[in-house]
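What follows is a set of notes on a single structure, which appears directly below.
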Amino acid sequence: MRLDSTHQDEISVIFIINDEPCERFTFPVEGDVPVSSPVTRHINTSAIRHAARRYNGLYELAFNMQLGDSKLSDYAKGRTVGHFLLPSGKLHYLGPLMPFGESVASAVFVEDVPHTIQLRLSLEENLPEGEVAAWPAELLLADHVMAVIDNDDLSGSVPSSHAQNLVRELPFYTEGMRRFKNWSVFAHFFAENYHLWMLVTYSEEEHRKFGFSKLMLAGELRMVSKNFQHCYTRADKERDIIRYEAFLEFQQLLFSFTGPSDGSRRSPRLSNEAFRVLGESRSFQTLNTANYVRILRYRCAGIPEPLTFFFDPAFTSPFRIPIRKTSPDLDPPPVLLPSQLSVNVRVGGYRGYYEP
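Residue numbers for the sequence shown follow my numbering, beginning at 353 and rising by one.
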């Protein structure tokens, strides 16, 4: 989508679907901000349908936004975002209007290509001036982080570094982190601007007050689901007790193979059988939290009408399709390799997992 300035009281938008330019959109401007009322235009349905990739009978609509030589005010720059109104009535987030030369792409699957489309611009008012709204891939990564912390076994906080490790291998991690200097900046951005989670730390004084063990690090940045904001401390205390007991049990099991520690830093030599027993022990499983994918599979089974999220490196954002419309027996398009598939479920505030 390219935004051009045609008059001080209006802006025009060029919208591209499956490489097919659409009829120009014109939006009035009030108070330096585009009016949020949707604008409807006819599209070249046959050309867009012909160019669309198919998945289980659905059509992919690949969108592109590209800001032209527009004179958006500093107040609205970077915070004006686009939404595509689907025929079903749902909104597809297109991302922010970026400076000329920066392309923001996204895509969505639909049952059929419509004859008209509706486009809406709005201002992310919660963002401070000078801040750029979230890109679609960034929101997808944040959604997966929320899946981790929303499904914590004990409804407690999760170390920020641990949440990062659980999503680091997702194929859209690099794209989602592209503009953030580090993970801490990412975590603070979505906590402060989108209020997706809380960030907390336990001070040295709080560490002593709650009686945490050495396994619970003082001053460590931790992420908390908004669902657990009133109970996470109790849950953290309970988890720390469980983990410390598991630590002592694992230590005793290790000593059964190596004998008591002699105080040196030398790593003990263990047989393959010892490694197998240690790895299968309940204490080891307790100390090494399962990947959130496994947690979600067990905790959220049966949630109706979940969504499957795919990511294709050909785009800079994810596209989504309803699972109920697809069959697990059907293979994804050839361009989507198994290593590029990621699945996350979010319906009515709940998240779950679906394994294609």
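We put the CB at the ideal spot given by N, CA and C, even for glycine.
Unbroken beta strand (DSSP E) run spanning residue i, endpoints
i: ALA459; result: 455-462
i: HIS394; result: 391-394
Buried versus exposed call for residue i [16 or more other C-beta atoms within 10 Å across all chains shown]
i: GLN516; result: buried
i: ASN478; result: exposed
i: THR432; result: buried
i: PHE538; result: buried
i: ASP683; result: The predicted position of ASP683 is uncertain, since its pLDDT is 37 and thus under 50; no value can be drawn from it.
i: SER613; result: exposed
i: GLN603; result: exposed
i: LEU567; result: exposed
i: PRO448; result: buried
i: GLY441; result: exposed
i: ILE541; result: Rather than Ile, the amino acid found at residue 541 in this sequence is Phe. Classification for PHE541: buried.
i: SER623; result: exposed
i: ASP588; result: buried
i: ASN503; result: buried
i: LEU689; result: Confidence at LEU689 is low in this model, with a pLDDT of 28, below 50, so the placement of that residue is unreliable and no value is reported for it.
Element boundaries [alpha helix (DSSP H), containing residue i]
i: ALA490; result: The residue asked about is misnamed: residue 490 is Glu in this sequence, not Ala. Run containing GLU490: 488-502, per the alpha helix (DSSP H) assignment.
i: ARG401; result: 397-403
i: GLY528; result: 525-528
i: LEU518; result: 512-519
Own chain partners of residue i with C-beta closer than 7 Å, once the 5 adjacent residues on each side are dropped
i: ARG401; result: TYR411, VAL465
i: LEU630; result: LEU605, LEU606, PHE636
i: ASN416; result: MET353, ILE368, SER455, ALA457
i: GLU572; result: PRO511, THR553
i: PHE379; result: GLU362, ILE363, VAL365, PRO386, VAL387, VAL391, LEU473
i: ALA403; result: ASN370, ASP371, GLU372
Beta bridge counterpart(s) of residue i as assigned by DSSP
i: PHE636; result: The partner list for PHE636 (beta bridge, DSSP) is empty, contrary to what the question assumes.
i: GLN418; result: SER455
i: VAL385; result: GLU382
i: SER474; result: VAL433
i: TRP549; result: SER577
i: GLU372; result: ILE369
i: GLN443; result: It is Leu, not Gln, that sits at residue 443 in the sequence shown. In the DSSP output, where bridge partners are listed per residue, LEU443 has LEU437.
i: PRO466; result: Paired residue(s): none; PRO466 is not in a bridge.
i: GLU412; result: PHE461
i: ARG406; result: TYR411
i: PRO448; result: VAL433
Cβ-based neighbour list, residue i, same chain, cut-off 6 Å, excluding 5 preceding and 5 following
i: PRO390; result: LEU437, GLN470, ARG472
i: GLY528; result: ALA489, GLU490, LEU493
i: PHE532; result: PHE538
Neighbourhood of residue i by C-beta distance below 8 Å, restricted to the same chain and skipping five residues each side
i: CYS374; result: ILE366, PHE367, ILE368, ARG393, ILE395, ASN396, ILE469
i: TYR525; result: LEU493, VAL519
i: GLU483; result: GLY430, ARG431, ASN545
- request: Go through the segment 553-624 residue by residue and report every complete run of the beta strand (DSSP E) that reaches 3 residues or more, in order.
  value: Segments of the beta strand (DSSP E) lying fully in the segment 553-624: 574-577.
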